[in-house]
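Q: Heads up: the sequence shown begins at 0 in numbering that gives the first Met the number 0, then just goes up one per residue. We put the CB at the ideal spot given by N, CA and C, even for glycine.
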Amino acid sequence: MQRTRDRSIALTSAVDDDELVRQHSPLMSPLVWDLAHVGSQEEIWLVRDVGGRQAVRPDIDDLYDAFQHARADRPALPLLGPTEARNYVTTVRDKVLDLLDRSPLEGRRLVEQAFAFGMIVQHEQQHDETMLATHQLRNGDPVLDDEPPPAAVDADSLPDEVLVPGGPFVMGTSTEPWALDNERPAHEVHVADFRIDTTPVTNGQFLRFLDSGGYDQPRWWSEQGWQYRQRADLRAPLFWKDDGGTWLRRRFGHVEPVALDEPVVHVCFYEAQAYANWAGKRLPTEQEWEKAARFDPRSGRSLRYPWGQADPQQGRANLGQRHLRPAPAGAYPTGAAPCGARQLIGDVWEWTASDFAPYPGFTAFPYREYSEVFFGASHKVLRGGSFGTDVAACRGTFRNWDYPIRRQIFAGFRCARTPDSDELG
Numbered sequence: 000m001q002r003t004r005d006r007s008i009a010l011t012s013a014v015d016d017d018e019l020v021r022q023h024s025p026l027m028s029p030l031v032w033d034l035a036h037v038g039s040q041e042e043i044w045l046v047r048d049v050g051g052r053q054a055v056r057p058d059i060d061d062l063y064d065a066f067q068h069a070r071a072d073r074p075a076l077p078l079l080g081p082t083e084a085r086n087y088v089t090t091v092r093d094k095v096l097d098l099l100d101r102s103p104l105e106g107r108r109l110v111e112q113a114f115a116f117g118m119i120v121q122h123e124q125q126h127d128e129t130m131l132a133t134h135q136l137r138n139g140d141p142v143l144d145d146e147p148p149p150a151a152v153d154a155d156s157l158p159d160e161v162l163v164p165g166g167p168f169v170m171g172t173s174t175e176p177w178a179l180d181n182e183r184p185a186h187e188v189h190v191a192d193f194r195i196d197t198t199p200v201t202n203g204q205f206l207r208f209l210d211s212g213g214y215d216q217p218r219w220w221s222e223q224g225w226q227y228r229q230r231a232d233l234r235a236p237l238f239w240k241d242d243g244g245t246w247l248r249r250r251f252g253h254v255e256p257v258a259l260d261e262p263v264v265h266v267c268f269y270e271a272q273a274y275a276n277w278a279g280k281r282l283p284t285e286q287e288w289e290k291a292a293r294f295d296p297r298s299g300r301s302l303r304y305p306w307g308q309a310d311p312q313q314g315r316a317n318l319g320q321r322h323l324r325p326a327p328a329g330a331y332p333t334g335a336a337p338c339g340a341r342q343l344i345g346d347v348w349e350w351t352a353s354d355f356a357p358y359p360g361f362t363a364f365p366y367r368e369y370s371e372v373f374f375g376a377s378h379k380v381l382r383g384g385s386f387g388t389d390v391a392a393c394r395g396t397f398r399n400w401d402y403p404i405r406r407q408i409f410a411g412f413r414c415a416r417t418p419d420s421d422e423l424g
């Protein structure tokens, strides 16, 4: 909880108060709204529900209810100012730490294995990633610092694809203590043989699609995708600019040449789908993605992470905002999955072909609005986390979802295909 709050404070302290209350894009809330919102959720679930204690600010519940006010409308609300918001989240946190010190963490499903506290940590970390996306959207000088990601020392020797043999595997989880309702329950799924890209699609690969006229050829796009491409006038990934034949990108205030060896980021589902069609492939289903990321054919079991059961270490995945960019494709060899695919965790969220849907036996917990209200064809599933995702909010079973038009999120993709019979021997 403290590590998460430190990140929230760092993201909101990096700019002055005028920028905190400004809306940098109608796609996003003012940063000060996100800060007070995480405090409001912490108060509602931990101070009031788990602790049964007196409300701190019941008068602001509606202001920070994400379902009552669209992001574009939030700047017009009577929001807490920067100083008031900081004081509010500090007051709530002091009460929560006192509660945590006294809580038996048993007796109710909400508190067993500290679930409610884990839920709030994950919620705040998700908003931290949202605030990081707001920083990417803001105009102005760089205000965030990072270190360069590790190189990919053996990238040239990697195969383009790996084969994942068909058969059953256990998808989802019934044992991960902080798993959210849409990850549950564990259930057996059968997936046919498929091939999946060893690494996410890179900027250099995507540039070949762009240079071939991929954005101008309807045959690569779905009907909905082509309509959106025209309506939104998509011509390249978000934040790219053609500077006289050289493609530049804006990255957290820096303008720099597009790094050809990094996974492409800031593309929507429709762009990913069009590229896959152009490449003679497709996007993997969510089931295929999870089998590639978790299934260990030696034991016949599903792992917590591609590399095994251990929590992510710095050398296994690009998580936690240590780097403000994806690592080059092929990095993190010790984080590879048993099938040989790399960077399935971290670097970029990966679009899948699947709609966001409940697993068999799904039960909403602790409230319908976390997952259930989003189920359906309007949201596509993303998996794997990004460089801006914290380790507490990322695992092999974690499911993200968004509208297929979203580009401000740190999303890329990798392709899959069904192998020909002669490839299977």
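With DSSP as the reference, label residue 215 as helix, strand or coil.
A: Numbered from its first residue, the sequence shown carries residue 215 at position 216. Reduced to three states, the DSSP call for residue 215 is helix.
Q: State the start and end residues of the unbroken beta strand (DSSP E) segment that holds residue 346.
A: Position 347 of the sequence shown, counted from the first residue, corresponds to residue 346. First-last for residue 346: undefined, no H or E at that position.
Q: At a cut-off of 7 Å, would you count residue 19 as near the ligand MN, judging by its Cβ distance to the nearest heavy atom?
A: Of the ligands one can find in the structure shown there are none, so the ligand MN has no counterpart to examine.
Q: Are at least three pairs of beta-carbons, each pair with one atom in the segment 221 to 232 and one in the segment 263 to 281, less than 8 Å apart?
A: Yes: the two stretches touch, three or more of their Cβ pairs being nearer than 8 Å.
Q: Check the C-beta distance from residue 318 over to residue 351 and give it rounded, since I have them as a contact under 8 Å.
A: For the purposes of this step, residue 318 is identified with residue 319 of the sequence shown, where counting begins at 1. For the purposes of this step, residue 351 is identified with residue 352 of the sequence shown, where counting begins at 1. Not confirmed; about 19 Å, so no contact.
Q: Between the beta-carbon of residue 280 and the beta-carbon of residue 415, is there less than 8 Å?
A: Locating residue 280 in the sequence shown gives position 281, counting from the first residue. Locating residue 415 in the sequence shown gives position 416, counting from the first residue. Their beta carbons are under 8 Å apart, which means residue 280 touches residue 415 by this criterion.
Q: Could you work out which residue in 205, 76, 68, 37 is closest to residue 118 when comparing CA atoms only?
A: Position 119 of the sequence shown holds residue 118. Taking only the C-alpha atoms, the option nearest residue 118 is 37.
Q: What would DSSP say about residue 129, mapped onto helix, strand or coil?
A: Against the sequence shown, residue 129 aligns to sequence position 130. Residue state, collapsed to three classes: helix.
Q: Quick one: Cα of residue 62 to Cα of residue 397, how far?
A: Against the sequence shown, residue 62 aligns to sequence position 63. Against the sequence shown, residue 397 aligns to sequence position 398. Between residue 62 and residue 397, the C-alpha separation is close to 29 Å.
Q: May I ask which residues mark the beginning and end of the alpha helix (DSSP H) holding residue 290?
A: Here residue 290 refers to the residue found at position 291 of the sequence shown. Run containing residue 290: 285 to 293, per the alpha helix (DSSP H) assignment.
Q: Taking C-alpha atoms, which residue in 258, 315, 236, 410 lies nearest to residue 340?
A: As a position in the sequence shown, residue 340 is number 341, starting the count at 1. Minimum Cα distance to residue 340 is reached at 315.
Q: CB-CB under 7 Å to residue 115, same chain, minus the five flanking residues each way: which ones, in chain order?
A: For the purposes of this step, residue 115 is identified with residue 116 of the sequence shown, where counting begins at 1. Around residue 115: 44, 45, 49, 109.
Q: In three-state DSSP terms, what is residue 187?
A: Taking the first residue of the sequence shown as 1, we reach residue 187 at position 188. In this structure, residue 187 counts as strand in the three-state DSSP scheme.
Q: Alpha carbon to alpha carbon, what distance is there between residue 150 and residue 345?
A: Locating residue 345 in the sequence shown gives position 346, where the first residue counts as 1. Locating residue 150 in the sequence shown gives position 151, where the first residue counts as 1. Whole-angstrom Cα-Cα distance: 15 Å.
Q: Closer than 8 Å is the cut-off here; do at least three beta carbon pairs connect the segment 357 to 370 with the segment 295 to 309?
A: Verdict: no, contact absent.
Q: Could you work out which residue in 144, 194, 229 is closest to residue 215 when comparing CA atoms only?
A: Taking the first residue of the sequence shown as position 1, residue 215 is located at position 216. That would be 229, whose Cα lies nearest to the Cα of residue 215.
Q: Applying the criterion that 16 or more other CB atoms from any shown protein chain within 10 Å of the CB defines a buried residue, is residue 301 buried or exposed?
A: The sequence position of residue 301 within the sequence shown is 302, counting from 1. Residue 301 comes out buried.
Q: Near residue 21, what residues of its chain come up, given a Cβ to Cβ distance below 7 Å and the 5 sequence neighbours on each side ignored?
A: As a first step, residue 21 must be located in the sequence shown, where it is residue number 22. 29, listed in sequence order.
Q: Would residue 199 pass as an interface residue toward chain D - the criterion being a Cβ-Cβ separation below 8 Å?
A: The question asks about chain D, but that chain is absent: this structure has only one protein chain.
Q: Counting pairs of Cβ atoms below 8 Å between the segment 138 to 158 and the segment 397 to 409, do you hit three or more?
A: Short answer: they don't touch.
Q: Would you call the CB atoms of residue 264 and residue 413 closer than 8 Å?
A: Position 265 of the sequence shown holds residue 264. Position 414 of the sequence shown holds residue 413. No. Outside cutoff.
Q: On the DSSP bridge list, what partners appear for residue 415?
A: Here residue 415 refers to the residue found at position 416 of the sequence shown. In the DSSP output, where bridge partners are listed per residue, residue 415 has 195, 281.
Q: Mark residue 454 as exposed unless 16 or more other C-beta atoms lie within 10 angstroms of its C-beta, in which case mark it buried.
A: The shown model of the chain, from 0 to 424, leaves out residue 454, and the question about it has no answer.
Q: For residue 197, I'd like the list of residues in its chain whose CB is within less than 7 Å of its CB, leaving aside the five on either flank, ordered along the chain.
A: The count along the sequence shown starts at 1 and reaches residue 197 at position 198. Here the set comprises 157, 158, 159, 160, 161, 339, 340, 341.
Q: Between the Cα of residue 205 and the Cα atoms of 145, 294, 262, 187, which residue gives the shortest distance?
A: Residue mapping note: residue 205 aligns to position 206 of the sequence shown, counting from 1. With distances taken between Cα atoms, residue 205 lies closest to 262.
Q: At what residues does the beta strand (DSSP E) containing residue 32 begin and finish?
A: Working through the sequence shown from its first residue, we reach residue 32 at position 33. Unbroken run through residue 32 is the alpha helix (DSSP H), 30 to 41; no beta strand (DSSP E).
Q: By Cβ distance below 7 Å, which residues in the same chain neighbour residue 273 in space, the five residues on each side in sequence not counted?
A: For the purposes of this step, residue 273 is taken as the residue at position 274 of the sequence shown. Around residue 273: 213, 219, 220, 224.
Q: Just to confirm, is the Cβ distance from residue 193 to residue 418 under 8 Å?
A: As a working mapping, residue 193 is identified with position 194 in the sequence shown. As a working mapping, residue 418 is identified with position 419 in the sequence shown. Result yes, Cβ atoms of residue 193 and residue 418 sit closer than 8 Å.
Q: Keeping to the same chain, check which residues put their C-beta closer than 8 Å to that of residue 186; ignore five residues upstream and five downstream.
A: Position 187 of the sequence shown, counted from the start, is the residue given in the question as residue 186. Excluding positions up to five away in sequence, the list reads 169, 170, 171, 358, 359, 360.
Q: Nearest CA to the CA of residue 176: which residue from 403, 392, 401?
A: Here the question's residue 176 lines up with position 177 in the sequence shown. For the residues 403, 392, 401, the minimum Cα distance to residue 176 belongs to 392.
Q: Go through its chain and collect everything with a Cβ distance to residue 124's Cβ below 6 Å, but skip five positions before and after it.
A: The residue given as residue 124 occupies position 125 in the sequence shown. For residue 124, where only same-chain residues beyond five positions count, the Cβ hits under 6 Å are 3, 389, 391, 392.
Q: Helix, strand or coil for residue 46 per DSSP?
A: Residue 46 sits at position 47 when you count from the first residue of the sequence shown. In the structure shown, residue 46 sits in a helix (DSSP, three-state: H, G or I).
Q: Go ahead and label residue 11 buried or exposed: buried means 16 or more other beta carbons lie within 10 angstroms of its beta carbon, across all protein chains shown.
A: In the sequence shown, residue 11 corresponds to position 12, counting from 1. Its Cβ being crowded by 16 or more others within 10 Å, residue 11 is buried.
Q: Return the chain-ordered list of same chain residues with a C-beta closer than 8 Å to the C-beta of residue 211, the five sequence neighbours on each side being excluded.
A: Your numbering for residue 211 matches position 212 in the sequence shown. 277.
Q: Alpha carbon to alpha carbon, how far is residue 304 from residue 77?
A: Locating residue 304 in the sequence shown gives position 305, counting from the first residue. Locating residue 77 in the sequence shown gives position 78, counting from the first residue. Taking the straight line joining both Cα atoms gives about 43 Å.
Q: Residue 55 and residue 90: beta carbons closer than 8 Å?
A: Walking along the sequence shown from the start, residue 55 turns up at place 56. Walking along the sequence shown from the start, residue 90 turns up at place 91. Cβ distance < 8 Å, so residue 55 and residue 90 count as in contact.
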